[in-house]
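By the working numbering, the letter at position 88 of the sequence shown is numbered 128, and the numbering carries on one by one without gaps. Before any comments, here is the structure.
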Amino acid sequence: MEPITHALSGAVAGCCFGKRRWWLPAWAALVAASPDMDVFFVHTPVQYIEYHRGITHSFVGGLGLALLFALVPWLLHRLKPARFGDTPPFSWTLPFAWLIAYLLILHHIWLDCQNSYGTQVFLPFSDYRVRFNTLFIVDPLLLIPLSLGLLLRRTNRKVMAGLLLWTILYPFGSLAIREGLEAHLRAGHEGGQTFVQKVYGKDVIAAQQGEAKWEEVRAVHFMPDAFTPFHWKVILDRGSVWDVAGYTLFKGIPETFISYAKPPHWLWTQLGQQDGTFRAYQRFSLYPALEAENPLPGTRDIEYTFSDLRFGSTVRWVDDIQTRRDGKAITFRIMARLGPDHRLEAVRFVTTSGAGGDSGWHPPTP
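Right, here's the structure in full:
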């Protein structure tokens, strides 16, 4: 989730402790958002996909981060600053402050696991990414209730506790909807039914345009999209092709899908063998797509562009805000220039400025 939702949920949790002054919700908001401080230590797209939602988002790393923030109320209680008079802002012991801070960080981890990005909760023992694919990165059904709850600060602790409980139960409801829709789409079509394919950009392989049969679909995947759980991104796996469309809960099954080619196995393998950036991207990606294959004028080189289909939105105006710059899609796109002997000559990794920006063209690295 984006940092605002994390901070709001922390502030709501701080209000659950009763009638306190501003410092407890403020401290809780800071702690709840703190795992995202990892973005300040990454400067390239590769660093972003390897380290964001890394050690600060793990069960072990969260313990250390919680201890760091627990020292704040403990020191305030011990030092009793003069401006607080005889009533320090906190009266917690260090173990209790540590426990509360850790619970707030666990709540952050819980919400981040709901997205499709993936959270490395088991570091340093494993870099496996946990993703439940239930919530979009910005969810109004979390942002609005939490914001209203804080605006009405005079509401009692039961209301605040109810809002906090909503942040835990709501993802389960979204998960149930996703599982039901996937099962419905897998089982709800007979072999003779078809859907229309529209190619993204231009043809890369012959199977990208025309009509496709539902019996060719090997797997159905629902990804969170803007306005989930009412709207989803559905990705169909048809062997050499991905088909993508928006699925609105009240409109039924889409009749037209945008088709993307999967990277050829030989090419995908070879790129990973020749370059460390590609290996990192291959570990990170879930639905890799070959978007373009362009011969470079005046040479025998070919430029390839790849993307991961879980990123971006099927709601056009959301996609324009989230993933485009000057009209061009940029989110987590990696490019390669290959010579006539299939030797990798240059690599470029492009994404938004907050996720490392543009690496520029550079030679392959081991």
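Ideal placement from N, C-alpha and C gives every residue a C-beta, glycine not left out.
Note down the Cα distance separating residue i from residue j, rounded to an integer number of angstroms.
i, j, result
"ALA285", "ALA137", "47 Å"
"ARG171", "ARG350", "12 Å"
"TRP272", "PRO264", "5 Å"
"PHE290", "LEU209", "23 Å"
"VAL355", "ILE293", "16 Å"
"VAL86", "SER166", "18 Å"
"HIS83", "ALA395", "8 Å"
"SER280", "TYR168", "26 Å"
"TYR142", "LYS198", "22 Å"
"PHE57", "TRP114", "17 Å"
"GLY241", "PHE389", "19 Å"
"ALA53", "GLY220", "32 Å"
"SER187", "VAL112", "26 Å"
"ILE298", "ALA69", "41 Å"
"TYR321", "GLY379", "21 Å"
"HIS117", "LEU103", "21 Å"
"ALA66", "ALA51", "6 Å"
"ASP348", "LEU276", "14 Å"
"GLN314", "LEU108", "41 Å"
"ALA332", "ILE140", "50 Å"
"MET41", "THR174", "11 Å"
"ALA47", "SER393", "22 Å"
"GLU256", "CYS55", "53 Å"
"VAL239", "TYR157", "25 Å"
Kindly give me the distance between the Cβ atoms of residue i and residue j, rounded to whole angstroms, as I take these residues to be in contact under 8 Å.
i, j, result
"LEU307", "PHE318", "Between PHE318 and LEU307 the Cβ distance is about 10 Å, and since that is not below 8 Å, they are no contact."
"PRO337", "PRO303", "Rounded, the Cβ-Cβ distance is 24 Å, inconsistent with contact."
"GLN160", "ARG93", "6 Å"
"THR363", "GLY352", "4 Å"
"ALA72", "LEU144", "5 Å"
"PRO403", "ALA386", "6 Å"
"GLY397", "THR391", "7 Å"
"PHE324", "ILE89", "5 Å"
"THR296", "PHE235", "7 Å"
"TRP254", "GLN237", "Rounded, the Cβ-Cβ distance is 12 Å, inconsistent with contact."
"TYR91", "ASP78", "6 Å"
"PHE176", "GLU222", "Rounded, the Cβ-Cβ distance is 17 Å, inconsistent with contact."
Would you identify the three-state DSSP class for residue i, choosing helix, strand or coil?
i, result
"GLN237", "strand"
"LEU119", "helix"
"PRO264", "strand"
"LYS198", "helix"
"HIS147", "helix"
"HIS402", "strand"
"ASP283", "strand"
"GLU42", "coil"
"HIS271", "strand"
"ARG365", "strand"
"THR354", "coil"
"VAL244", "coil"
"ILE374", "strand"
"THR96", "helix"
"THR133", "coil"
"PHE109", "helix"
"LEU192", "coil"
"ARG383", "coil"
"PHE389", "strand"
"GLY396", "coil"
"THR159", "strand"
"ASP359", "helix"
"LEU276", "strand"
"GLY250", "strand"
For residue i and chain C, any beta-carbon pair shorter than 7 Å?
i, result
"ALA247", "The displayed structure is made up of one protein chain only, and chain C is not part of it."
Report yes or no: do three or more beta-carbon pairs, one from the segment 243-250 and one from the segment 263-273, lie closer than 8 Å? no
My parser needs the alpha helix (DSSP H) runs of 4 or more residues fully inside the segment 288-352; what are they? For secondary structure counted as the alpha helix (DSSP H) over 4 or more consecutive residues, the segment 288-352 holds these complete runs in sequence order: 305-314 and 316-324.
Answer yes if the segment 140-156 comes into contact with the segment 94-113, meaning at least three C-beta pairs across the two stretches below 8 Å, and no otherwise. By the Cβ test, the segment 94-113 is in contact with the segment 140-156, since at least three Cβ pairs between them sit closer than 8 Å.
Answer yes if the segment 196-207 comes into contact with the segment 181-188, meaning at least three C-beta pairs across the two stretches below 8 Å, and no otherwise. yes
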